[in-house]
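Have a look at the structure below before the remarks.
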Amino acid sequence: MLALRSYLLVGLAGIASEVFIFSKGEWDRHSPTILKFLISVQALVTVWFKIYGFTLLSSIQQTCVLTAVYAISLFTAMSIYRLFFHPLRGFPGPIAARVSVFWILKQNLPQLLFYRKLRQLHNDYGDFVRTRPRELSICHPDAVMDILGPRSKVVKGEFYEHMWPHQNLQLTRDIAFHKSKRRVWDKAFSPSALRDYVPRLAGHHAEVIELLDKHSRSGVPVDVTRVFMDVQFDVISDFSFGKSWNMLTSGKPHPLVKDFVENKRIVGFLINFLWIFHLTKLFPGVEGMIDEMLKEYGKMLEERRQMRSPLPDFYTYFSQNPQAIKDGPADAQLAVIAGADTTALTLIHIFYILARYPDIQSNLHAELDPLPASAEDSGLVSDQYLAPRPYLNGIINEVLRLYSPVPAALQRLTPPEGATIAGRYVPGNMNVSVPTYALHRDPRAFAQPDEFIPERWSSQPELIIRKDAFIAFSYGPENCVGRPLAMMQLRMLVARIARRFEVSVPKGADKEWRKFEEEKADCFVLDVRKLPMVFKERVKH
Numbered sequence: 081m082l083a084l085r086s087y088l089l090v091g092l093a094g095i096a097s098e099v100f101i102f103s104k105g106e107w108d109r110h111s112p113t114i115l116k117f118l119i120s121v122q123a124l125v126t127v128w129f130k131i132y133g134f135t136l137l138s139s140i141q142q143t144c145v146l147t148a149v150y151a152i153s154l155f156t157a158m159s160i161y162r163l164f165f166h167p168l169r170g171f172p173g174p175i176a177a178r179v180s181v182f183w184i185l186k187q188n189l190p191q192l193l194f195y196r197k198l199r200q201l202h203n204d205y206g207d208f209v210r211t212r213p214r215e216l217s218i219c220h221p222d223a224v225m226d227i228l229g230p231r232s233k234v235v236k237g238e239f240y241e242h243m244w245p246h247q248n249l250q251l252t253r254d255i256a257f258h259k260s261k262r263r264v265w266d267k268a269f270s271p272s273a274l275r276d277y278v279p280r281l282a283g284h285h286a287e288v289i290e291l292l293d294k295h296s297r298s299g300v301p302v303d304v305t306r307v308f309m310d311v312q313f314d315v316i317s318d319f320s321f322g323k324s325w326n327m328l329t330s331g332k333p334h335p336l337v338k339d340f341v342e343n344k345r346i347v348g349f350l351i352n353f354l355w356i357f358h359l360t361k362l363f364p365g366v367e368g369m370i371d372e373m374l375k376e377y378g379k380m381l382e383e384r385r386q387m388r389s390p391l392p393d394f395y396t397y398f399s400q401n402p403q404a405i406k407d408g409p410a411d412a413q414l415a416v417i418a419g420a421d422t423t424a425l426t427l428i429h430i431f432y433i434l435a436r437y438p439d440i441q442s443n444l445h446a447e448l449d450p451l452p453a454s455a456e457d458s459g460l461v462s463d464q465y466l467a468p469r470p471y472l473n474g475i476i477n478e479v480l481r482l483y484s485p486v487p488a489a490l491q492r493l494t495p496p497e498g499a500t501i502a503g504r505y506v507p508g509n510m511n512v513s514v515p516t517y518a519l520h521r522d523p524r525a526f527a528q529p530d531e532f533i534p535e536r537w538s539s540q541p542e543l544i545i546r547k548d549a550f551i552a553f554s555y556g557p558e559n560c561v562g563r564p565l566a567m568m569q570l571r572m573l574v575a576r577i578a579r580r581f582e583v584s585v586p587k588g589a590d591k592e593w594r595k596f597e598e599e600k601a602d603c604f605v606l607d608v609r610k611l612p613m614v615f616k617e618r619v620k621h
């Protein structure tokens, strides 16, 4: 009788937990606290059974049975609520996705290619797809303005707290904090600041040319994935800390980059499932690793503070704001990872396209060859000549459209009163997102969406139906602050290399190229395989 009453009470507790607690609000960040609480309750129940006269083994067995009853009741109530009573119950999507995040976990493993599957889901279900119990993926051009636009009341979701309590420009949900910090970052990427960065940039680009020249003379293919990753981390470390990590010239990755690259797929998987990510912090040393990483960034910033840098860098501007100094380590991490990784990925895909399509490469040569080069630094073309070049910019934009470094969606949260998105009302406090990969291939936004056509950005504007659907740098007040620097870097390095070399696919590299094409994992930012390429010095006529 006691056991039956206990099972009934525990079962009711499971149902009540869902009805009054877990069906409301955000819980991912609290998963460690929930687990600790559950373990504490289990320990108390075990002790209670022992006091009641059970043996230790029987006490543990009874506790496990009650835990199972609670879990079954909780998850049964959760499933019923999510299927039949949830505010998103009227939106289409796979049944398993409506019930549990484990569905999307299964879809994403082992290669982290859910961003591609999501496009097919939108083809099957329409503009609105319920991909998680309280999350909608919305693939419609109108959703960009409705979710990310300057007048939207939709705000950042819980994803942006995955580094809590640490905050930076990107990883914060505090609108006032973001606005204050954004003013500082905007100064660091102003036109005058960009002009000041050119000498640093030119030096790193010269190192790339020297390396490619050696490979050109030897005829040995070069892994452009490694080259562009190395040079971009050198550039951003130079801009952030006043000195380069010299990864390109030494051939050795900086320890922070080594850890980032080795753990990129693991971390990328975990941050897509935040409750798992937060639970990993319970493992010994994990929280300490994060703190040590930020301390390392802090040390480098302190070294920069004591340095008399002859050339302006990010710190020149950040040091003018006390708040920027306080959050320096977290901001430095953002600058390094976001600034280096995304630009490198774009460079890799630009040269992938040039090697794959010789006609596009020839057209680019024809546009760039007449441009004047710097007398002091042979081959360097000023961005003032490159910025108006339609074909060069068309290639960059088309790469960003079809091979966006961030292919998945940026999570946002609807306001309590709800929001009308793409013509449909979405209830309040629900996660929504616009899937970049799918939207950039939507025929309502881009004609011939799967075709790489640089001319759509210049001489064939009719191929762009909805320019506001191009969100490679996000959109609205929280768009990518580093866009001006990224575009300048891309134009200058692509032009300098393309004027000097022809690129092609190496013989016998089909397997490596196929792996590169098929195994681009979504780790929030793409993770790509090696890409061997032949560089041959051009003979100009």
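Per the numbering used here: the sequence shown ends with 621, consecutive numbering throughout. C-beta atoms are modelled at their ideal positions from N, C-alpha and C, and glycine is treated no differently. Quantities reported herein were computed from a predicted structural model and do not represent experimental measurements.
Could you have a look at residue i and say whether DSSP puts it in helix, strand or coil?
i           : result
residue 162 : helix
residue 552 : strand
residue 544 : strand
residue 392 : coil
residue 619 : coil
residue 585 : coil
residue 509 : coil
residue 86  : helix
residue 613 : strand
residue 214 : coil
residue 453 : coil
residue 622 : Past the boundaries of the shown model lies residue 622; the chain is included only from 81 to 621, so the question cannot be answered.
residue 208 : strand
residue 253 : coil
residue 499 : strand
residue 469 : coil
residue 504 : strand
residue 402 : helix
residue 443 : helix
residue 106 : coil
residue 174 : coil
residue 219 : coil
residue 486 : coil
residue 200 : helix
Cβ atoms of residue j and residue i: under 9 angstroms apart, would you say?
i           : j           : result
residue 384 : residue 431 : no
residue 606 : residue 507 : no
residue 614 : residue 301 : yes
residue 242 : residue 357 : yes
residue 95  : residue 153 : yes
residue 511 : residue 536 : no
residue 199 : residue 481 : no
residue 448 : residue 575 : yes
residue 317 : residue 334 : yes
residue 436 : residue 307 : no
residue 582 : residue 558 : no
residue 397 : residue 267 : yes
residue 544 : residue 479 : no
Identify the residues that DSSP records as bridge partners of residue i: which are they?
i           : result
residue 603 : 605
residue 194 : DSSP lists no partner for residue 194.
residue 236 : 492
Look at the alpha carbon of residue i and the alpha carbon of residue j, and state the distance between them as a whole number of angstroms.
i           : j           : result
residue 426 : residue 483 : 8 angstroms
residue 136 : residue 227 : 56 angstroms
residue 276 : residue 328 : 23 angstroms
residue 193 : residue 87  : 42 angstroms
residue 234 : residue 203 : 25 angstroms
residue 599 : residue 350 : 18 angstroms
residue 621 : residue 269 : Low confidence applies here, because residue 621 scores a pLDDT of 49, under 50, leaving its location unreliable; read the following figure in that light. Taking the straight line joining both Cα atoms gives about 39 angstroms.
residue 399 : residue 393 : 10 angstroms
residue 118 : residue 143 : 11 angstroms
residue 525 : residue 518 : 11 angstroms
residue 172 : residue 494 : 18 angstroms
residue 122 : residue 237 : 32 angstroms
residue 354 : residue 388 : 41 angstroms
residue 497 : residue 108 : 22 angstroms
residue 572 : residue 105 : 47 angstroms
residue 463 : residue 568 : 6 angstroms
residue 424 : residue 315 : 11 angstroms
residue 188 : residue 197 : 9 angstroms
### Task
Tell me the start and end of each unbroken alpha helix (DSSP H) in the segment 271-298 that is at least 4 residues and wholly inside, in chain order.
Restricting attention to alpha helix (DSSP H) runs no shorter than 4 residues, the segment 271-298 encloses them at 271-298, ordered along the chain.
### Task
Run through the segment 508-539 for me and flag every whole alpha helix (DSSP H) of 4 or more residues, listed as ranges in chain order.
List check, alpha helix (DSSP H) in window: 516-519.
### Runs of beta strand (DSSP E) lying entirely within the segment 284-364, each at least 3 residues, in chain order
As far as the segment 284-364 is concerned, it has no whole beta strand (DSSP E) run of at least 3 residues.
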